[in-house]
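> In my numbering, the protein residues as written are 173 to 226.
Where a beta carbon is used, it is the ideal one built from N, C-alpha and C, also for glycine.
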């Protein structure tokens, strides 16, 4: 399992979603399709992402 965290530079979680998803895909490819968790945070709010392609 891997955990990846991206801090958004603005108050928009959506702006940080693409880099987080791309990083999660790269980690998942190197993890042979294992579970990868991603978190996007602005300091006030956060969102959890999960890629569980088994």
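#1: Give me the Cα-Cα distance between residue 175 and residue 220, rounded to the nearest whole angstrom.
#2: Whole-angstrom Cβ separation of residue 190 and residue 223, contact assumed at under 8 Å?
#3: In this structure, how does DSSP classify residue 210 when only helix, strand and coil are distinguished?
#4: Return yes when the Cβ of residue 187 is within less than 8 Å of the Cβ of residue 213, no when it is not.
#5: Is the CB-CB distance between residue 215 and residue 206 below 8 Å?
If we stick to the structure as given:
#1: For this step, residue 175 is matched to residue 3 along the chain shown. For this step, residue 220 is matched to residue 48 along the chain shown. Rounded to whole angstroms, residue 175 to residue 220 spans 10 Å at the Cα level.
#2: Start at 1 with the first residue of the chain shown, and residue 190 comes out as number 18. Start at 1 with the first residue of the chain shown, and residue 223 comes out as number 51. The distance from the Cβ of residue 190 to that of residue 223 is about 14 Å, inconsistent with a contact at the 8 Å cut-off.
#3: One-based indexing of the chain shown puts residue 210 at position 38. Strand, per DSSP.
#4: By one-based count along the chain shown, residue 213 stands at place 41. By one-based count along the chain shown, residue 187 stands at place 15. Taking 8 Å as the Cβ cut-off, residue 213 and residue 187 do not qualify as a contacting pair.
#5: Against the chain shown, residue 215 aligns to sequence position 43. Against the chain shown, residue 206 aligns to sequence position 34. No, the pair does not count as a contact, with Cβ atoms beyond the cut-off.
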